[in-house]
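Asker: Chains as they are written, first to last, in our numbering: chain A, 44 to 456; chain B, 44 to 456; chain C, 438 to 584; chain D, 438 to 584.
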Amino acid sequence: MMTTRFTLDAREIRQQFPFFQPHPEMRNLIYLDNAATTQKPYAVIEAVSNFWAYHNANVHRGGHGVGAKASELYEAARGRVARFINARETAEIVFTRGTTESINLVASSWGETFVQPGDELIVTEMEHHANLLPWMRLAEKRGARLVVWHITDSGTLELDQLRKLLSERTRLVAVSHISNVLGVINPVAEICRMAHEAGALCLVDAAQSIAHMPVDVQAIDCDFLAFSGHKAYGPTGIGVLYAKRALLEEMPPYHVGGGMVQTVRWDRLRWAEPPAKFEAGTPPIGEAVGLHAALDFIDSIGREAIAAYEHELTEYALARLQEVPGLRLYGPREGRTGIFAFTLEDIHPHDIATVLDSRDIAVRAGLHCAHPLSERLGGPTARASLAIYNDTDHIDALIDALHYTRKVFGYAG
Amino acid sequence: MMTTRFTLDAREIRQQFPFFQPHPEMRNLIYLDNAATTQKPYAVIEAVSNFWAYHNANVHRGGHGVGAKASELYEAARGRVARFINARETAEIVFTRGTTESINLVASSWGETFVQPGDELIVTEMEHHANLLPWMRLAEKRGARLVVWHITDSGTLELDQLRKLLSERTRLVAVSHISNVLGVINPVAEICRMAHEAGALCLVDAAQSIAHMPVDVQAIDCDFLAFSGHKAYGPTGIGVLYAKRALLEEMPPYHVGGGMVQTVRWDRLRWAEPPAKFEAGTPPIGEAVGLHAALDFIDSIGREAIAAYEHELTEYALARLQEVPGLRLYGPREGRTGIFAFTLEDIHPHDIATVLDSRDIAVRAGLHCAHPLSERLGGPTARASLAIYNDTDHIDALIDALHYTRKVFGYAG
Amino acid sequence: MLDELYQEIILDHYRHPRGRGELEPPKITQEGFNPSCGDEVIIDLRVEDGRISDIRFHGRGCSISQASASMLVEAVKGKTLEEAHQLIEQTLALVKGEVEADYAVHGDLVALAGVRNFPVRVKCATLAWHTLEEALKQASAEAVQET
Amino acid sequence: MLDELYQEIILDHYRHPRGRGELEPPKITQEGFNPSCGDEVIIDLRVEDGRISDIRFHGRGCSISQASASMLVEAVKGKTLEEAHQLIEQTLALVKGEVEADYAVHGDLVALAGVRNFPVRVKCATLAWHTLEEALKQASAEAVQET
Ligand SMILES: Cc1ncc(COP(=O)(O)O)c(C=O)c1O
Ligand SMILES: Cc1ncc(COP(=O)(O)O)c(C=O)c1O
């Protein structure tokens, strides 16, 4: 059997997740919807509970020891994120609700300040709405032009194409590290280099990469990077915006309110320094503690090890998916991760998902918040996506269920 | 003893909170910093853990049963909030990160669309920065005028004063239901009525009232109302914006991204209906579930009962605080809740807080994110604030510790 | 459970939709769209003497949404507006599991009851019916204008 | 623990601050502010022949922040810029608990070590010292311009 070459024991990892333990009232699911959100290990759930139970207090405001402890935990989470993505300093880490808010923050604060009429913003055709709509709206508001970097028919980005699109009017290139539909890994370091040569900034949407491969902001040399906690084994309600210090210095605040000002007089405001400047109001404190635990969980396995194992599993899945007659898989064969968008005969993706669901396999179907890309691909797709707790048994079950789906819809075995 | 007339047994309520249980590694704190954030009952912590453990999935996107269940729980939380504040329909409830984001959303979406140069925005002198800075910034951005409704020397708002400030140029009156420093309960229904008569809208900041008294948006007839989960026994990372349906219909989206659009073509966008229109990206799902449990907790005691008990405790505290020589209490004697900002001789509030902390009593000291008000009061204050789990023993300990503080600083007993 | 959903009758309507197409004007057109999955149903209809004299649908989407539209077209053609309203209510109640499925009452539409066990699919089954509801509102508004 | 913080020496400096006031120009002025609590320390100083020839402070805040500023003024007056830098480093290390409190090394400043047990107060004790640091940067920048 092929199983012998696998470098991780996913069964052991599943032991760390309550979601995968037998439960009298719950179905035992094969969870293949990890690009939407991952399940949470005990370590994360307990870190959050423990915070609520014993350390809960508001942060950053003078008074008492428990408040000091809460602040310490909150700032420790920031430090953990900084180390995780190799930021130069913790002040470059702004906590937000998620990827979507992080990118909206940049479009609003940086964009509305520095993008001028006639400027150009390059986005790729494969972007999730979170990395598309903010730029469409910014372009409209500021009279700038949205330039679309189209994908190839095999679902990749060509750097030659970018070279043609870049000009001295380009202000920003917005690109996802990994597409949430095609699974393709984009050459973001190269893209950033080219953007910088043209005098533009580069924003990397790392929502789909952060939990699946090493992400090093200094190696990529991106100006902005965004991700969500909930796709990296952490809770909802927390995300990260990384930005280079100099940018955070010159950007105006986003939300305004408590905690992000030094002085408020009726006639004069003085903002706090970054990152506080961008974190008005009570931040997601318990959620930051949960994210800290999630990053610890990821590093306890090791990101190199995760990437290697998920690559093995991806290869296995690619081979097996080919066995299903009438299955059409999108995205490239190489340079990709375990996100598989596909169609099957003329069976509608929702119907596929429902049949799989009846077999206790969770996949997603639809346009995946990437309408322009879905349009390009010809419509909705079904999507199975992997995480560290999946294994070949799950792939095998998926393949069986796809054969069964064909049968339900009257296709010959 | 006075204790006999108290209508609730706070000791019994403390049994529902891990924070108040003996713990080998934790100090047993008297927690009087509830205006900053409240502690969390087991019911909330467990609801959140349980969600992460067994029901975690992303919401609103087709695919599988566990996703449908997560969506159902998320929407049930919205319904719970709608019932809690008596909204006409669940579509009037938008989930945000907290009060600060809710108000920023209104200032950005409604304000930048409907406020014109020369328009006036009325804010009170007692507002928290969250209900002040967004309006200062909006006024500056739109060339509108910020009109300050000053407080009386006893720390209240006079409606006669408002009458003079309202004009046909007034677009909005922004007022807190309860001041986070003075503890005063403002006549928000009356204020909304007057604002409406002048053709203006009214936004109520309910951050300090939501957990302490009945809040009925139809009775108040406010146009917008904002609050945070974490000040109402719920988790951080979640808050609410209530807005009348018609306003949400005409307001443009705030964040843009996944989940808030119907169609995205390169040349055409169609927004989703409210509330989805205002909830781009993955929302705080686990946090909404926690808020649901928190509101259930509050209603299990009853808001009338909470208000009555906290009123009794407030009366007791007011009487006892008067016993401390040199103590100056801010805010009115009547029509107030259990938020006590005070100074003591010339001892700096931070020093007071530190001495109290050494006696295991948590209070807050400083400007309380209300700099203009603090300026008016003459500088920083110490603040003790009550919740449903506090009782007369806590007040007694506070009074003792304040006497002790005087001694430390060399004042005669 | 799955068998209840993907019955012969659903798959038959999906493969061989009744009344798929568009009407020539004059007509009432109503578009229905489910943003989370992209299902689309467009209904064209014509009202004469208070009756739905002709009706067609087109669009794209999953088997449930398209079969449901096909069954709708078959079921409401020739009905009065009042009867159509009743049928919408009956069918929505059936789909949401508020009433028992009963062949005597619902006829072929009983097949739609299969979605009850698949909450994510309820919207697919109801899309055409909500779209018809909107179309009938248009029809009533036009009728009012004419009088 | 509390006694360690509110020692005679802290309260004495708070009640009877040394060198409270402002200098006449020419002078270097540096404002320090702690936004979370409103503590404020403004340092005026004059540098002659590479030495802090005169120094005063004013501002408002808690006993720790003001006593710390008073002790600072007393400690650095007459010191060379280099010596002042060393003293800042020493004192910050003392306050943060990175070195043992030792009267032989720190003199009266040992009193500041009491904040270690009150993490929320560390910022109060360090405010004046960070402000001096900034003032010295100004002084060095001016010295460079003059040469
Ligand atoms: C009256 C008032 N408004 C707004 C806020 C801000 O709430 P949050 O920090 O949860 O956004 C607070 C609490 O700090 C408050 O007391
Ligand atoms: C590539 C990509 N970008 C952005 C997002 C949005 O993340 P969130 O919904 O957590 O804001 C997602 C996930 O849905 C994604 O896959």
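Using N, Cα and C, we set each Cβ at its ideal position, and we do this for glycine too. Everything numeric in this text was worked out from a predicted model, so none of it was measured.
By DSSP, does H171 of chain B sit in helix, in strand, or in coil?
Answerer: Note: H171 of chain B maps to coil in three-state DSSP.
Asker: With 9 Å as the C-beta to C-beta threshold (strictly closer), list the residues of the stretch 491-524 of chain D near chain B in chain order.
Answerer: The stretch 491-524 of chain D vs chain B, Cβ under 9 Å: R497, G498, C499, S500, I501, S502 and Q503.
Asker: Considering only residues of the same chain and omitting the five flanking positions on each side of K516 of chain D, which have a CB-CB separation below 6 Å?
Answerer: Counting only Cβ-Cβ distances below 6 Å, and skipping sequence neighbours, we find I489.
Asker: Tell me, to the nearest whole angstrom, how far the beta carbon of G161 of chain A is from that of L181 of chain A; I am working on the premise that it is less than 8 Å.
Answerer: Incorrect: roughly 13 Å between the Cβ atoms, too far for contact.
Asker: For the stretch 99-153 of chain B, which segments carrying the beta strand (DSSP E) assignment without a break, of at least 3 residues, lie completely within its bounds, in sequence order?
Answerer: You should have 136-139.
Asker: Can you pull the chain C residues whose beta carbon is under 8 Å from the beta carbon of V304 of chain B, in chain order?
Answerer: What V304 of chain B touches in chain C: P472.
Asker: Can you find the residues in the same chain that come closer than 7 Å, C-beta to C-beta, to E559 of chain C, ignoring five residues on each side of it along the sequence?
Answerer: For clarity, residue 559 of chain C is Val in the given sequence; the question names Glu instead. These residues qualify, in order along the chain: V532, K533 and V552.
Asker: State the start and end residues of the unbroken beta strand (DSSP E) segment that holds T357 of chain B.
Answerer: Run containing T357 of chain B: none in the beta strand (DSSP E); it sits in the alpha helix (DSSP H), R346 to L364.
Asker: Beta-carbon within less than 6 Å of A269 of chain B's beta-carbon, same chain only, minus the 5 sequence neighbours each way: which residues are those?
Answerer: Within the same chain, A269 of chain B has close Cβ partners T142, S145, I146, D248 and L284.
Asker: Would you say the beta carbon of C412 of chain A is closer than 7 Å to some non-hydrogen atom of ligand 2?
Answerer: Yes, ligand 2 has a heavy atom inside 7 Å of this Cβ.
Asker: Under DSSP, the beta strand (DSSP E) around C245 of chain A begins and ends at which residues?
Answerer: Counting along the chain, the beta strand (DSSP E) containing C245 of chain A begins and ends at L244 to D248.
Asker: Can you tell which of C:I525, C:L564, C:I492 and C:S577 has its C-alpha closest to the C-alpha of Q503 of chain C?
Answerer: If we check each option's Cα against that of Q503 of chain C, C:L564 comes out closest.
Asker: Comparing the CB of A289 of chain A with every heavy atom of ligand 2, is any distance shorter than 7 Å?
Answerer: Not under cutoff, so the answer is no.
Asker: At 8 Å on the CB atoms, spell out the chain C contacts of G106 of chain B, in chain order.
Answerer: What G106 of chain B touches in chain C: V557.
Asker: Let's test the definition: count the other Cβ atoms within 10 Å of the Cβ of T81 of chain A and tell me whether it reaches 16, buried, or not, exposed.
Answerer: Buried, because 16 or more other Cβ atoms sit within 10 Å of the Cβ of T81 of chain A.
Asker: How big is the Cα-Cα spacing for D486 of chain D and A576 of chain D?
Answerer: Taking the straight line joining both Cα atoms gives about 12 Å.
Asker: Whole alpha helix (DSSP H) runs in the stretch 156-218 of chain B with 4 or more residues, listed along the chain?
Answerer: As far as the stretch 156-218 of chain B is concerned, its whole alpha helix (DSSP H) runs of at least 4 residues are 176-185 and 202-208.
Asker: Considering only DSSP beta bridges, list what I447 of chain C is partnered with.
Answerer: Paired residues: none, contrary to the question.
Asker: Rounded to whole angstroms, how far is the Cβ of L439 of chain C from the Cβ of S401 of chain A, which I believe are closer than 8 Å?
Answerer: With 8 Å as the limit, L439 of chain C and S401 of chain A qualify as a contact, their Cβ atoms being about 4 Å apart.
Asker: Within its chain, find whatever has a CB closer than 6 Å to the CB of I431 of chain B; leave out the 5 residues flanking it on each side and keep chain order.
Answerer: Around I431 of chain B: I56 and I349.
Asker: Does any C-beta atom of chain C lie closer than 8 Å to the C-beta of M44 of chain B?
Answerer: Only weak support exists for where M44 of chain B lies, its pLDDT of 42 falling under 50; the value from the coordinates is given anyway. Not closer than 8 Å to any Cβ of chain C, the Cβ of M44 of chain B fails to qualify, so no.
Asker: Any idea what DSSP makes of N471 of chain D, helix, strand or coil?
Answerer: Three-state result, N471 of chain D: strand.
Asker: What's the call for G108 of chain B, buried or exposed, on a 16-neighbour Cβ count within 10 Å?
Answerer: With 16 or more other Cβ atoms within 10 Å, it is buried.
Asker: Could you list the residues in the stretch 120-151 of chain B with a C-beta less than 8 Å from some C-beta on chain C, going in chain order?
Answerer: Cβ contacts with chain C come from no residue of the stretch 120-151 of chain B.
Asker: Which residues bound the alpha helix (DSSP H) around L445 of chain A?
Answerer: Unbroken alpha helix (DSSP H) run through L445 of chain A: T435 to V451.
Asker: Taking a cut-off of 5 Å, which residues have a beta-carbon closer than that to any heavy atom of ligand 2, in chain order?
Answerer: Checking every Cβ against the heavy atoms of ligand 2 under 5 Å gives A:G141, A:T142, A:T143, A:H171, A:A173, A:S219, A:N223, A:D248, A:A250, A:Q251, A:S271, B:G324 and B:T325.
Asker: What are the residues of the stretch 53-73 of chain B that lie near chain A, defined by any Cβ-Cβ distance shorter than 9 Å?
Answerer: Those residues of the stretch 53-73 of chain B that come within reach of chain A (Cβ to Cβ, closer than 9 Å) are F60, P61, F62, Q64, H66, E68, M69, R70 and L72.
Asker: Have a look at the DSSP bridge pairing and note the partners of G496 of chain C.
Answerer: According to DSSP, which records beta bridges pairwise, G496 of chain C is partnered with C:V478.
Asker: Are R497 of chain D and G456 of chain D closer than 8 Å when you measure CB to CB?
Answerer: Cβ distance not < 8 Å, so R497 of chain D and G456 of chain D don't count as in contact.
Asker: For a minimum of 3 consecutive residues, which ranges assigned as the beta strand (DSSP E) are wholly contained in the stretch 271-326 of chain B?
Answerer: Listed in chain order, the complete beta strand (DSSP E) runs (minimum 3 residues) inside the stretch 271-326 of chain B are 282-286, 304-308 and 311-314.
Asker: Do you know offhand how far V451 of chain A's Cα is from E163 of chain A's?
Answerer: Rounded to the nearest angstrom, the two C-alpha atoms are 50 Å apart.
Asker: Out of curiosity, what's the CA-to-CA distance linking M45 of chain A and K320 of chain A?
Answerer: Because M45 of chain A sits at a pLDDT of 47, beneath the cut-off of 50, its placement in the model cannot be relied upon, and the following sentence gives the value as read from the coordinates. About 53 Å.
Asker: Taking the alpha helix (DSSP H) that S252 of chain B belongs to, which residues open and close that run?
Answerer: From DSSP, S252 of chain B is part of no alpha helix (DSSP H); its letter is neither H nor E.
Asker: Out of A:Q159, A:G198 and A:T448, point me to the one whose CA is closest to E170 of chain A's CA.
Answerer: Considering only alpha carbons, the answer is A:G198.
Asker: Between G381 of chain B and E347 of chain B, is the Cβ-Cβ spacing less than 8 Å?
Answerer: No. Outside cutoff.
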